[in-house]
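Visitor: Could you have a look at this structure, given as structure tokens, before my questions?
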Amino acid sequence: MRKFDGKKLVLASHNKGKLREIAELLAPFGIEVISAGELGFEEPEETEDTFAGNARIKAHFAAKESGLPALSDDSGMSVDGLDGAPGVYSADWAETPNGRDFPMAMQKVWDALETKNAPEPRTAKFCCTLCLAWPDSHDELFEGIVTGRIVWPARGEKGFGYDPMFLPDGETETFGEMEHERKQAMSHRADAFRKLVSGPFKDL
Ligand code: IMP
């Protein structure tokens with residue numbers, strides 16, 4: 003596994019919620035972090051149907067454009083009663099002509115479960131694939147998950163995306179209700195990050 007030995011890393015995401023969480027997870031490593039948005043990069047089209055495929059597209063695009071190593075995150079919520087949907091299409095389910103609407107996307111998830119009369123508990127998982135790519139096209143992938151169930155009505159104002167409708171296993175608060183630090187300790191992103199830290203970032 004290739005080690006990260008630079009001082010600067012591009013975060014290949016335009017999602018504010020992800021950027022905040024990844025920047026915080028990276029903070030202890032003393033790496034200078036710049037986002038793809040700050041560098042004026044477009045968002046490449048996510049044309050793959052796997053988290054790994056789309057994570058690769060984003061990280062390689064940012065690494066090539068910047069000439070620096072780049073870290074991307076492709077993630078989403080997969081609901082068992084919906085055969086894994088919205089999954090890699092989690093952001094798409096929120097699209098409207100006026101931007102992303104997550105209360106609407108959460109309602110869609112709930113309505114789809116009701117329409118299918120999906121059995122309780124309505125289990126789900128958040129998945130995250132991190133891709134660390136270098137300008138010479140080498141990359142390393144790290145996958146993380148957190149399992150839980152769907153609750154309705156959605157609860158809490160914290161977090162982002164589908165957080166208010168996701169109750170992690172063993173918890174009483176949804177990701178939308180719990181303190182940010184608690185989500186950061188148990189999330190799919192934190193799980194993938196632990197693997198990154200024990201690999202390319204090991205001796206930093
Ligand atoms: P993408 O990785 O850019 O395709 O977008 C992933 C989408 O999944 C985000 O826009 C969110 O809707 C959702 N998602 C990913 N991670 C989280 C999370 O930690 N909480 C809530 N929603 C998330």
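Mapping the sequence shown onto the numbering used here, position 172 (from 1) lands on 174, and the numbers just tick up by one. Using N, Cα and C, we set each Cβ at its ideal position, and we do this for glycine too.
How long is the line joining the alpha carbons of Thr-131 and Glu-179, rounded to whole angstroms?
Guide: For Thr-131 and Glu-179, the distance between alpha carbons rounds to 24 angstroms.
Visitor: Within the chosen definition, does the segment 49-69 reach the segment 131-145 through at least 3 CB pairs nearer than 8 angstroms?
Guide: Touching, yes.
Visitor: Based on the DSSP output, what are the partners of Ala-72 in its beta bridges?
Guide: DSSP, once it has assigned bridges, lists Val-12, Ala-135 as partnering Ala-72.
Visitor: At least one CB of chain B closer than 8 angstroms to the CB of Met-106: is that the case?
Guide: The chain labelled as chain B is not found in the depicted structure, where only one protein chain is given.
Visitor: Around the Cβ of Thr-176, are there at least 16 other Cβ atoms within 10 angstroms (buried) or fewer (exposed)?
Guide: Buried, by the Cβ-count rule.
Visitor: Taking the continuous beta strand (DSSP E) assigned at Glu-210, which residues delimit it?
Guide: Summary: the structure shown does not reach residue 210, with the chain confined to residues 3 through 206, and so no result is reported for it.
Visitor: Could you check the C-alpha separation between Phe-195 and Ala-114 for me, to the nearest Å?
Guide: So the two alpha carbons sit approximately 32 angstroms from each other.
Visitor: Report the option in Leu-27, Lys-185, Tyr-91, Glu-145 whose CA atom is closest to the CA atom of Lys-197.
Guide: The residue with the shortest Cα to Cα distance from Lys-197 is Glu-145.
Visitor: State buried or exposed for His-182, treating a residue as buried only when at least 16 other CB atoms are found within 10 Å of its CB.
Guide: It counts as exposed.
Visitor: Start and end of the alpha helix (DSSP H) containing Leu-28?
Guide: Its alpha helix (DSSP H) spans residues 18-28.
Visitor: Counting along the chain, where does the beta strand (DSSP E) carrying Leu-84 start and finish?
Guide: Where Leu-84 is concerned, there is no enclosing beta strand (DSSP E), given that its DSSP letter is neither H nor E.
Visitor: Nearest-angstrom Cα distance between Thr-125 and Glu-48?
Guide: So the alpha carbons of these two residues sit roughly 26 angstroms apart.
Visitor: For ligand 1, is there a heavy atom less than 7 angstroms away from the beta-carbon of Glu-50?
Guide: Checking the Cβ of Glu-50 against ligand 1 gives no.
Visitor: Give the straight-line distance between the Cα atoms of Arg-102 and Leu-13, rounded to the nearest whole angstrom.
Guide: About 21 angstroms.
Visitor: Strictly by DSSP, which residues pair up with Ser-80?
Guide: Paired residues: Pro-88, Lys-127.
Visitor: Please report the straight-line C-alpha distance between Pro-88 and Ala-156, rounded to a whole angstrom.
Guide: Answer to the nearest angstrom: the Cα atoms are 17 angstroms apart.
Visitor: How should Asp-85 be labelled, buried or exposed, when 16 other C-beta atoms within 10 angstroms of its C-beta is the threshold for buried?
Guide: Counting Cβ neighbours within 10 Å, Asp-85 comes out exposed, since fewer than 16 surround it.
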